[in-house]
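In mature numbering (1 follows the signal peptide of the UniProt record, and there is no 0), the protein residues as written are -26 to -1, 1 to 287. Idealized CB from N, CA, C, for every residue including glycine. Note that this is a predicted model, so its numbers are computed, not measured. The next block holds one structure in the form of structure tokens; read it before the comments.
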């Protein structure tokens, strides 16, 4: 699986949203609200011009983002100090809704088979946000990581379709094959293999699967996110090198959605805000020549992913 931080827009936007003040928010930063909303606005304008190039994982991210925006507005309904930002977020939600509708339509038209396999996760009520917050336990982190790749994109997608029931027409959902059980609980995995393992258990939770394996879902989430925190701290110690930025943000998104509040840290928010190009609104590799170019080819490069029809999770 090869992912570039230029395509991490939904993950980044969700993280920024979690910095907005609201009851129960793990990273309430009232003094940063204006900067956060501004960053969201610039990023959304950029993506509005690129909706034809959005792949499935990007559209999924925007569906999750849309749900969180609605939740933010509900929390702000009686917060007078947030009224100026509330109006801006309402406008932002309208733009996102239009963007999602257009991008989803194109996805269904251009790749109907792949779209149908993952259509259930694009529903408005599939993703539920955590109500209770937890902290990672560093003692659960692996001593060493396996240098070999634990799973492929195809393996991951196959296991997810068995959970969704889209592995065949009118397929039964929540099926756990021996292969999926083994690869999704294999210890020592790192990077995107590790985040895919967590994503598998997140899927099962959202789908309401009650297989015996998922009775231990929290146990595995605790292990996975302890290791994802270890990885993020290493990325930070190494100076947030560009190739690691996407993984860094994805770890925050997935573990944050799994209820681990220690992934939402002010210093990480501040770092990520500096990764946005203020003029274009996108998040990507610094390029001094970008603003002097025509923009079209560069913008498409910012959304490019590699392998398997460029539609990855």
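Alpha carbons only, please: which of 103, 167, 143 is nearest the one belonging to residue 40? 103
Item to check | Residue span of the alpha helix (DSSP H) that contains residue 133, given as start and end | outcome: 127 to 138
Practice prompt. Note the first and the last residue of the continuous alpha helix (DSSP H) segment covering residue 143.
Written response: Careful: residue 143 lies outside any alpha helix (DSSP H) and carries neither H nor E.
Original post:
Where does the unbroken alpha helix (DSSP H) through residue 222 begin, and where does it stop?
Top reply: 216 to 231
Spatial distance of residue 253 from residue 64 (CA atoms) | Each residue's alpha carbon lies about 23 Å from the other.
For residue 243 and residue 144, what's the separation of their Cα atoms in angstroms?
43 Å
Over what stretch of residues does the alpha helix (DSSP H) that includes residue 195 continue unbroken? 191 to 211
Exercise. Whole angstroms is fine: what's the gap from residue 127's alpha carbon to residue 133's?
Key: 10 Å
Point to revise | Cut-off 7 Å between Cβ atoms - residues of its own chain near residue 197, not counting five sequence neighbours on either side | key: Annotation for residue 197: 114 place their beta carbon closer than 7 Å to its own, counting only its chain and skipping 5 residues before and after.
Candidates 194, 26, 70, of which the one nearest residue 157 by Cα: 194
Which residues does DSSP pair with residue 234 in a beta bridge? In the DSSP assignment, residue 234 is bridged to 108.
Leaving out five residues on either side along the sequence, give the residues of the same chain with a beta carbon under 6 Å from the beta carbon of residue 203. 110
Quiz item: Closest by CA to residue 70, which one among 172, 84, 38, 230?
Solution: For residue 70, the nearest C-alpha among the options comes from 38.
Integer-rounded CB distance, given that residue 232 should sit under 8 Å from residue 183 = Contact doesn't hold; Cβ gap of about 16 Å is too wide.
For this session: Assign residue 250 to one of three DSSP states: helix, strand, or coil.
Result: If DSSP states are grouped into helix, strand and coil, residue 250 belongs with the strands.
**Prompt:** Does DSSP classify residue 177 as helix, strand or coil?
**Reply:** helix
(Q) Along the chain, where does the alpha helix (DSSP H) containing residue 37 start, and where does it finish? (A) 30 to 49
Original post:
The alpha helix (DSSP H) spanning residue 22 covers which residue range?
Top reply: 7 to 22
Local Cβ density within 10 Å of residue 164, reported as buried at 16 or more and exposed below that: Counting Cβ neighbours within 10 Å, residue 164 comes out buried, since at least 16 surround it.
key: Given residue 24 as reference, the closest of 74, 12, 86 once Cα atoms are compared   = 74
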